[in-house]
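Numbered by our numbering, the letters in the sequence shown go through residues 6 to 400 in order. To keep things clear, I will list the structure first and then write my remarks on it.
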Amino acid sequence: MPLERALAQLLAMADATPISERETVALAAAHGRVLAEDLVAGLDLPPWPNSAMDGYAFRCADWTGTPLPVSQRIFAGQAPAPLQPGTCARIFTGAPLPAGADCVEMQENAEILGDERVRFVEPITVGQNVRPQGQETRVGELVLAAGTLLSAIELGLAASLGRAELQVARRPRVAVLSTGDELVEPGQPLGPGQIYNSNRQLLISWLTRLGCDVVDAGILPDDLDRTRARLGELREVDLILSTGGVSVGEADFLGIALREEGELALWKLAIKPGKPLTCGQFRGVPVIGLPGNPASTLVTFALLARPYLLRRLGVQDVTPLQFSVPAGFDWPRAGNRREYLRARLENGRAVIYPNQSSGVLRSAAWAQGLVEVREERTLQAGEPVVFIPLSELLG
Ligand code: AMP
Ligand code: MG
Numbered sequence: 006m007p008l009e010r011a012l013a014q015l016l017a018m019a020d021a022t023p024i025s026e027r028e029t030v031a032l033a034a035a036h037g038r039v040l041a042e043d044l045v046a047g048l049d050l051p052p053w054p055n056s057a058m059d060g061y062a063f064r065c066a067d068w069t070g071t072p073l074p075v076s077q078r079i080f081a082g083q084a085p086a087p088l089q090p091g092t093c094a095r096i097f098t099g100a101p102l103p104a105g106a107d108c109v110e111m112q113e114n115a116e117i118l119g120d121e122r123v124r125f126v127e128p129i130t131v132g133q134n135v136r137p138q139g140q141e142t143r144v145g146e147l148v149l150a151a152g153t154l155l156s157a158i159e160l161g162l163a164a165s166l167g168r169a170e171l172q173v174a175r176r177p178r179v180a181v182l183s184t185g186d187e188l189v190e191p192g193q194p195l196g197p198g199q200i201y202n203s204n205r206q207l208l209i210s211w212l213t214r215l216g217c218d219v220v221d222a223g224i225l226p227d228d229l230d231r232t233r234a235r236l237g238e239l240r241e242v243d244l245i246l247s248t249g250g251v252s253v254g255e256a257d258f259l260g261i262a263l264r265e266e267g268e269l270a271l272w273k274l275a276i277k278p279g280k281p282l283t284c285g286q287f288r289g290v291p292v293i294g295l296p297g298n299p300a301s302t303l304v305t306f307a308l309l310a311r312p313y314l315l316r317r318l319g320v321q322d323v324t325p326l327q328f329s330v331p332a333g334f335d336w337p338r339a340g341n342r343r344e345y346l347r348a349r350l351e352n353g354r355a356v357i358y359p360n361q362s363s364g365v366l367r368s369a370a371w372a373q374g375l376v377e378v379r380e381e382r383t384l385q386a387g388e389p390v391v392f393i394p395l396s397e398l399l400g
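Structure representation (structure tokens):
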């Protein structure tokens, strides 16, 4: 299953089950949420022409070489009187331009004469150092469309338009389920054959950061009855996100349970890490089963589950930021699956972590991004590769 096709199917499922409930939240609580209304400017920004400099405002045509008397002083936050013809106004950055003025000369180019007159030493043009009314936005303009993921910048913009609250999509409720008899939670002693559960923490932190309400569904032993029972308890969630037990092994109880009481698609994704992926529903609740190896969990969550969740919230463009950089490594043997290598940028080139095993999460802690190497491709250092920053995927 090519990644594009798996993603297209997941997005189609997301489009069919949108999370359309909204809530109104204060700006301070809206970070990481998805805007559920069109943000339309209720005013011009800036609301009036203002000065971009500390200096002198006047009518350009009044400057003929004869020094201009200063007729008023205008600070930011003041409402100026109309400019007296043939004079200039002392003005400071952000202060409204007085009616009748059409330019500002910065104070560095002004010579103050003894009698409170000012002479300008450089040529001046209409509009110089003036920020026109509405240069950023006009009243009625669409500034942010519904479906925009809100970060500090969008919230700053909403504040500049005077908005104290925004309508956002309700938080998705996501149950995180870790399957595997070998798993033990950190803080407990480790018995023979056991390992600590890392995926639960990885996913809970990540989902929380993405604005989800996480239901911690704990560790699920490799047992069919317990699997059925646990899935049945998770009725109130928008998504059950599980890890492990999807490799069509004998302990693939998640798949059996979904097949019995829901729907199941088992994909062998043509990517590495992250081959096996389960997708379906259990008694109507959508389920995505990610592979259990931590680096596989990371890559499949980043490339498939994250865009799926964002789309359910109404985000249209779910393609992560990516750009081309020269490879800082050779890739002599072409693979038959597309590789997502944990990489970082050094001197403008992507270098990769020496151990790319899907069990090694440390590779991702070291990395700044994922380098995509297409199937059937070999590479020599210096050739371009696609780099997808992790910072964006995690945010
Ligand atoms: P599975 O898909 O269940 O066969 O798991 C594949 C590999 O990932 C095995 O080595 C598991 O021990 C490991 N694994 C599965 N789940 C987790 C988890 N939650 N934390 C750490 N490793 C895991
Ligand atoms: Mg397992």
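For each residue, glycine too, the CB sits at the ideal point set by N, CA and C. Note that the coordinates shown come from a computational prediction; the quantities given were computed from them, not determined experimentally.
Locate the beta strand (DSSP E) running through residue i, then write down its first and last residues.
i	result
Met111	108-111
Ile158	Here Ile158 belongs to no beta strand (DSSP E); instead the alpha helix (DSSP H) covers 157-165.
Val378	374-378
Tyr358	It is not in any beta strand (DSSP E) - Tyr358 carries neither H nor E in the DSSP assignment.
Ile117	115-117
Glu351	343-351
Ile24	Counting along the chain, Ile24 falls outside any beta strand (DSSP E), and DSSP gives it neither H nor E.
Leu73	73-79
Phe334	From DSSP, Phe334 is part of no beta strand (DSSP E); its letter is neither H nor E.
Contact check, residue i vs residue j under 8 angstroms by CB: the rounded distance?
i	j	result
Leu395	Gly374	5 angstroms
Ile200	Glu190	That pair is no contact at about 11 angstroms.
Arg235	Leu246	So it is not a contact: roughly 13 angstroms between Cβ atoms.
Ala106	Arg64	6 angstroms
Ala275	Glu344	Rounded, the Cβ-Cβ distance is 10 angstroms, inconsistent with contact.
Pro51	Gln138	6 angstroms
Ala13	Trp272	The pair is not a contact, with the Cβ atoms about 12 angstroms apart (cut-off 8 angstroms).
Ile293	Leu350	That pair is no contact at about 31 angstroms.
Ala19	Tyr313	5 angstroms
Val123	Leu73	6 angstroms
Tell me where the alpha helix (DSSP H) around residue i begins and ends.
i	result
Asp230	229-238
Asp20	8-21
Leu3	Since the first residue shown for the chain is 6 and the last is 400, residue 3 is missing from the structure and cannot be characterised.
Thr302	299-305
Ser368	367-371
Pro312	311-317
Glu266	258-266
What are the partner residues of residue i, as DSSP defines its beta bridges?
i	result
Ile293	Leu246, Cys284
Ser210	None; Ser210 has no bridge partner.
Thr29	Gln172
Phe328	Phe392
Ala408	In the structure as shown, the chain starts at 6 and stops at 400, and residue 408 therefore has no counterpart that could be examined.
Ser56	Val135
Trp272	Leu282
Going by alpha carbons, who is nearest to residue i out of the options?
i	options	result
Pro90	Asp67, Ala307, Pro177	Asp67
Leu282	Val242, Leu295, Pro337	Leu295
Thr22	Gly285, Gln140, Ala339	Gly285
Asp257	Pro359, Pro103, Gly297, Val242	Gly297
Leu263	Pro278, Gly237, Lys273	Gly237
Arg342	Pro331, Gly353, Leu118, Gly279	Gly279
Asn55	Glu141, Thr324, Pro312, Leu399	Glu141
Arg354	Thr383, Val75, Val323, Pro389	Pro389
Val220	Glu241, Gly99, Gly319	Glu241
Can you find a heavy atom of the ligand ADP that lies under 7 angstroms from the Cβ of residue i?
i	result
Glu187	For the ligand ADP, the structure offers nothing, since it holds only the ligand AMP and the ligand MG.
Item to check | Residues near the ligand MG, criterion Cβ-heavy atom distance below 5 angstroms | outcome: Taken from the N-terminal end onward, the list reads Gly185, Gly249, Gly250.
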